[in-house]
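Novice:
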Amino acid sequence: MRSLLFVPGDSPRKFDKASASEADALVLDLEDSVVPAGKIDARTSVRSMLISGAPGKSLWVRINPLDSEWAMGDLAAVVGAEPFGIILPKCRSGEDVRRLAHYLDALETQARLAVGSLRILIIATELGEAMFNLGSYAGVSERLWGITWGAEDIAADLGALSNRAQQQYTAPYVLARSLCLYAAASARILAYDTPCIALDDPGLLETECQEARRDGFVGKIAIHPKHVPAINMAFTPSEAERLWARKVLAGFEAHPGAGTFRLEGQMIDRPHYRAARRILNMG
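Be aware that the sequence shown starts at 0, since it is given in numbering that gives the first Met the number 0, and climbs by one per residue.
1. What's the gap between the Cα of G149 and the Cα of A175?
2. Which same chain residues, not among the five before or five after L248, have their C-beta less than 8 Å away from its C-beta?
3. Using only the alpha-carbon positions, how far apart do E94 and P11 sit?
4. For my contact list, L87 and L65 are in at a C-beta cut-off of 8 Å; report their separation, rounded to the angstrom.
5. So, for E125: in the same chain, excluding its five sequence neighbours on each side, which residues have a beta-carbon less than 6 Å away from its beta-carbon?
6. Expressed to the nearest angstrom, what Euclidean distance is found between the alpha-carbon atoms of S92 and E81?
7. On the CB-based measure, 16 or more other CB atoms within 10 Å of its CB, does V60 come out buried or exposed?
8. So for D104, helix, strand or coil by DSSP?
9. Alpha carbons only, please: which of V78, I122 and L4 is nearest the one belonging to V96?
10. Following the continuous alpha helix (DSSP H) through L157, name the residue where it begins and the one where it ends.
11. Is the shortest distance between the beta-carbon of N132 and the beta-carbons of chain D less than 9 Å?
12. Could you check if M266 is buried or exposed, using at least 16 other CB atoms within 10 Å of its CB as the buried criterion?
13. Take A229 as the anchor and find which of R98, N63, V173 and D200 has the nearest alpha-carbon.
14. Between the region 134 to 143 and the region 157 to 177, can you find at least three pairs of beta-carbon atoms closer than 8 Å?
15. What does D28 pair with, by DSSP beta-bridge criteria?
16. Quick one: grab the DSSP three-state call for D214.
17. Going by other Cβ atoms of all chains shown within 10 Å of its Cβ, with 16 needed for buried, is V34 buried or exposed?
18. From H226 to P255, what distance separates their C-alpha atoms?
19. Label F234 either buried or exposed according to how many other C-beta atoms from any shown protein chain fall within 10 Å of its C-beta, with 16 as the threshold for buried.
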């Protein structure tokens, strides 16, 4: 799953447009893209979107934060329509994941769904306090599937004038991005890069995608359909990468007792094996 495209939960028209995109997954949003007065009606809209489906795409729902007045109603409205998973914004720590998993257990049981079928993806760097808890996610729930980071809400929480200088994230946000990757590695879950908010700067989007792929993210959030092709391209291994990966795996099969071996002038060891497996598992 390379690209996750956000869709306002109160816009069936945009859902239809997103369904025709090349995105691997759609995120039906009940949080930031829906004004408070529209939250209740948006639940009905999102439930209809889930029931209608989008061929070839996984459907996620971003609910409102757990401590908001809307979160429980969001969950009650959408769980029975069987989304692929729930995206939890403003996640503070592993305890929030445990709470959400507990709620999902009850709602799946009520809906006669297999308990544990819905996954959780967290947005884990939107609050200052959350930054100190990024090591708390390992082992909290088998539902925890992925993590992403946010640069806009944390900037607001910090009182920052901007989160960029010359189109580059400044130090606090580089730290958030890096810690997201470490949190993913610690919890053995997938890391997704935050969206590029520059809608009309393809060069910046391409740079962000390339850097994210290089550093270990497996995909990227999108907030506009026109960003999806670049994201999919960046996070699809090239044939040269796949060939290298197959050679690495073949080398370990040919040298089962060796910790290292030589391949095309490069010393190959176990970290390369893990990298090769990762390449072949990507979309």
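No residue lacks a Cβ here, since even glycine has one placed at the ideal position from N, Cα and C.
Specialist: Quick answer:
1. On the sequence shown, position 150 is the one that residue 149 refers to. On the sequence shown, position 176 is the one that residue 175 refers to. Those two C-alpha atoms are separated by around 8 Å.
2. Within the sequence shown, numbered from 1, the residue matching residue 248 stands at position 249. So the qualifying residues of the chain are Y272, A275, R276 and L279.
3. Stepping through the sequence shown from its first residue, residue 94 is reached at position 95. Stepping through the sequence shown from its first residue, residue 11 is reached at position 12. Cα to Cα, E94 sits roughly 34 Å from P11.
4. In the sequence shown, the residue the question calls residue 87 occupies position 88. In the sequence shown, the residue the question calls residue 65 occupies position 66. Right, their Cβ atoms sit about 7 Å apart.
5. As a working note, residue 125 is residue 126 in the sequence shown. K89, G149, D152 and I153, listed in sequence order.
6. Position 93 of the sequence shown, counted from the start, is the residue given in the question as residue 92. Position 82 of the sequence shown, counted from the start, is the residue given in the question as residue 81. Approximately 25 Å between the Cα atoms of the pair.
7. As a working note, residue 60 is residue 61 in the sequence shown. V60 should be labelled buried.
8. Start at 1 with the first residue of the sequence shown, and residue 104 comes out as number 105. Looking at D104 - three-state DSSP - the assignment turns out to be helix.
9. Here residue 96 is taken as the residue at index 97 of the sequence shown, counted from 1. V96 has its Cα closest to that of I122, out of V78, I122 and L4.
10. Mapped onto the sequence shown, residue 157 falls at position 158. Counting along the chain, the alpha helix (DSSP H) containing L157 begins and ends at E151 to L157.
11. In summary, chain D is missing from the structure at hand, where a single protein chain is found.
12. In the sequence shown, residue 266 corresponds to position 267, counting from 1. Exposed.
13. Taking the sequence shown and counting its residues from 1, the one referred to as residue 229 is at position 230. Ranking the options by Cα distance to A229, first place goes to D200.
14. no
15. Residue numbering aside, residue 28 sits at position 29 when the sequence shown is read from its first letter. Answer is P7 and R61, bridged to D28.
16. By 1-based counting over the sequence shown, the position of residue 214 is 215. The answer is helix: DSSP assigns D214 an H, G or I state.
17. Here residue 34 refers to the residue found at position 35 of the sequence shown. Exposed, since its Cβ has fewer than 16 Cβ neighbours within 10 Å.
18. Taking the sequence shown and counting its residues from 1, the one referred to as residue 226 is at position 227. Taking the sequence shown and counting its residues from 1, the one referred to as residue 255 is at position 256. Rounded to whole angstroms, H226 to P255 spans 43 Å at the Cα level.
19. As a working note, residue 234 is residue 235 in the sequence shown. Label assigned to F234: buried.
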